[in-house]
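For what it's worth, the numbering used here labels the leading residue of the sequence shown as 176, then goes sequentially.
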Amino acid sequence: MADRKIAAIRSSLAEARALVDTLEFTLQSRKMIETMGWLPEAISIMEGQYRDFLSLSVAIKSLGFKIDIVPNRVIDEFWHMHVLDTEKYKSDCERVFGEMFHHYPYYGMRSEADRLAWLDAGDESGQLWKVCFGYDLYGTGEETVDPYAEEKMLNAVRSHSIVANSGAGAEFPGRARCRRQCAPMKCK
């Protein structure tokens, strides 16, 4: 990436961050702590990195650049929770981006060429992130580590429970009332 482009992004980050800092994540964070078991300290880190991600994305968009920032697993998890509150997410996106900021979770999965483009975008994201924020986006660990390994293991156990207890009237945790206080809302 050209030095002039990086300099332009860095110079617009403060304004982008001021805009992103108007967003409120108190209920989202509380839900992640109370219903999902996240530690408050972890949520603080996740929120900080998500705000960095949004700030960088806003700065890039404001300059008209076409750069895909590939989030790390921590950012992606917090982003998923933000997206789940569809009305708030839409409003937040309009406030900071002027339009919807879409989440496309299949980048790198469509073909080998797509996977290579995703890897290149990740490399570019990591380099830009380090320059802009002074820390590594993806850490310094082994790149072959599966960031979803724990989740896959837990979902395998949950899957067996669902299949084994799928009969009518079967009682198991997967059929208990959702404790996340979820409810559909009519579109306005």
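Built from N, CA and C at the ideal position, the CB exists for glycine as well.
Just verifying my parser: in three-state terms, what is the DSSP assignment at Pro177?
Mapped onto the sequence shown, residue 177 falls at position 2. Correcting the residue type first, residue 177 is Ala in the shown sequence and not Pro. Looking at Ala177 - three-state DSSP - the assignment turns out to be coil, as it is neither helix nor strand.
Would a C-beta distance cut-off of 8 Å place Ser300 and Ala234 closer than the cut-off?
What you label residue 300 is simply residue 125 of the sequence shown in a count that begins at 1. What you label residue 234 is simply residue 59 of the sequence shown in a count that begins at 1. Against a cut-off of 8 Å, the Cβ pair of Ala234 and Ser300 comes out as no contact.
Output yes or no for whether 8 Å exceeds the beta carbon distance between Val271 and Val338.
Counting from one through the sequence shown, the residue named residue 271 turns up at place 96. Counting from one through the sequence shown, the residue named residue 338 turns up at place 163. Their beta carbons are not under 8 Å apart, which means Val271 does not touch Val338 by this criterion.
Roughly how many angstroms lie between the CA atoms of Leu294 and Thr201, to the nearest whole one?
Counting from one through the sequence shown, the residue named residue 294 turns up at place 119. Counting from one through the sequence shown, the residue named residue 201 turns up at place 26. One C-alpha to the other measures close to 33 Å.
Please report how far the alpha carbon of Thr261 lies from the alpha carbon of Asp267, in whole angstroms.
On the sequence shown, residue 261 is found 86 positions in, with the first residue counted as 1. On the sequence shown, residue 267 is found 92 positions in, with the first residue counted as 1. For Thr261 and Asp267, the distance between alpha carbons rounds to 10 Å.
Can you tell which of Ile220, Tyr264, Arg185, Gly283 has the C-alpha that lies nearest to the C-alpha of Ile250?
The residue given as residue 250 occupies position 75 in the sequence shown. Ile220 is the residue among Ile220, Tyr264, Arg185, Gly283 whose C-alpha sits nearest the C-alpha of Ile250.
In whole angstroms, what is the alpha-carbon distance linking Thr210 and Ala193?
Against the sequence shown, residue 210 aligns to sequence position 35. Against the sequence shown, residue 193 aligns to sequence position 18. If I take the Cα positions, the gap works out to 30 Å.
Roughly how many whole angstroms lie between the Cα atoms of Ala296 and Gln302?
Your numbering for residue 296 matches position 121 in the sequence shown. Your numbering for residue 302 matches position 127 in the sequence shown. When rounded, the distance between both Cα atoms is 10 Å.
Report the start-end ranges of each alpha helix (DSSP H) in the stretch 245 to 292 that is 4 residues or longer and not cut off at the edges.
248 to 259, 261 to 271
Can you tell me which of the three DSSP states Trp369 falls into?
Residue 369 lies beyond the range of the chain shown here (176 to 363); nothing can be said about it.
Hey, how far is the Cα of Ala331 from the Cα of Asp311?
Within the sequence shown, residue 331 is the residue found at index 156, counting from 1. Within the sequence shown, residue 311 is the residue found at index 136, counting from 1. Rounded to the nearest angstrom, the two C-alpha atoms are 31 Å apart.
Applying the criterion that 16 or more other CB atoms from any shown protein chain within 10 Å of the CB defines a buried residue, is Lys327 buried or exposed?
Position 152 of the sequence shown, counted from the start, is the residue given in the question as residue 327. Classification for Lys327: exposed.
How many angstroms separate the CA atom of Ala191 from the CA atom of Phe228?
Counted from its first residue, the sequence shown places residue 191 at position 16. Counted from its first residue, the sequence shown places residue 228 at position 53. Straight-line Cα distance between these residues: approximately 11 Å.
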